[in-house]
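Okay, so the sequence shown: first residue is 1 according to full-length UniProt numbering, each after it adds one.
In this text, a Cβ means the ideal position worked out from N, Cα and C, and glycines have one as well.
Keep in mind it's a predicted model, so treat the numbers as computed, not measured.
See below for the structure under consideration.
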Amino acid sequence: RTNPFAALKMAPVGLGLFLHKRLPLKPNRIKDMGELKAILNEAKALGGAK
């Protein structure tokens, strides 16, 4: 199970990235969803993604 308090350990890293404009508040949109789906389907076919 995931420990939600473990995220607090990463807070200084996230804040530092945000302050140096390396981590946006709003994530960038994926430009070519078809290409991403093809990659994920191939990974699933190879048994890499479950």
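Would DSSP call residue i helix, strand or coil?
i   : result
G14 : helix
I39 : helix
L23 : coil
Taking the C-alpha atoms as reference points, what is the distance between residue i and residue j?
i          : j   : result
K9         : G48 : 29 angstroms
F18        : P24 : 6 angstroms
H20        : V13 : 11 angstroms
F5         : A11 : 10 angstroms
residue 57 : L46 : In this structure the chain extends from 1 to 50, so residue 57 is not present and cannot be described.
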